[in-house]
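Peer 1:
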Ligand code: SF4
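Residue numbers (this note's numbering): -5 to 57.
#1: Can the beta-carbon of residue 46 be found less than 8 Å from the beta-carbon of residue 56?
#2: From residue 48 to residue 12, what does the alpha carbon distance come to, in whole angstroms?
#3: Let me know the secondary structure DSSP gives residue 85 once reduced to three states.
#4: Taking the beta carbon of residue -3 as the centre, do at least 16 other beta carbons fall within 10 Å, making it buried, or is it exposed?
#5: For the alpha helix (DSSP H) that residue 44 lies in, which residues bound it at each end?
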C-alpha cells in the first residue's frame, strides 16, 4: 500500500497522527501531515486506511 498526503488540502488537524502514529507525523512548524513510511508495511495498512477514512479534509490517498 502506498499513502500520500495532499498538502494543499491538509489543514493540520492531526487526526491521521492520532489514528496511525506509526504512519503519519506532523510537521513541527505548520502542523501538516508527513508520511513516515511509504510503502506502508502490511501490519500498518489497517491504521493507514483508517486514517485516510478519518481525515476531515480527505487529504490522504491510499493506493
Ligand atoms: S487528518 Fe488530514 S487534514 Fe488532518 S493533519 Fe492528517 S492529513 Fe492533514
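By construction, the Cβ of each residue, glycine as well, lies at the ideal position given by its N, Cα and C atoms. All values reported here derive from a predicted model rather than from experimental measurement.
Peer 2: Judging by the given coordinates:
#1: A contact, by the Cβ cut-off of 8 Å.
#2: 10 Å
#3: Past the edges of the chain, shown from -5 to 57, lies residue 85, and the structure says nothing about it.
#4: buried
#5: 39 to 48 is the span of the alpha helix (DSSP H), which, as asked, contains residue 44.
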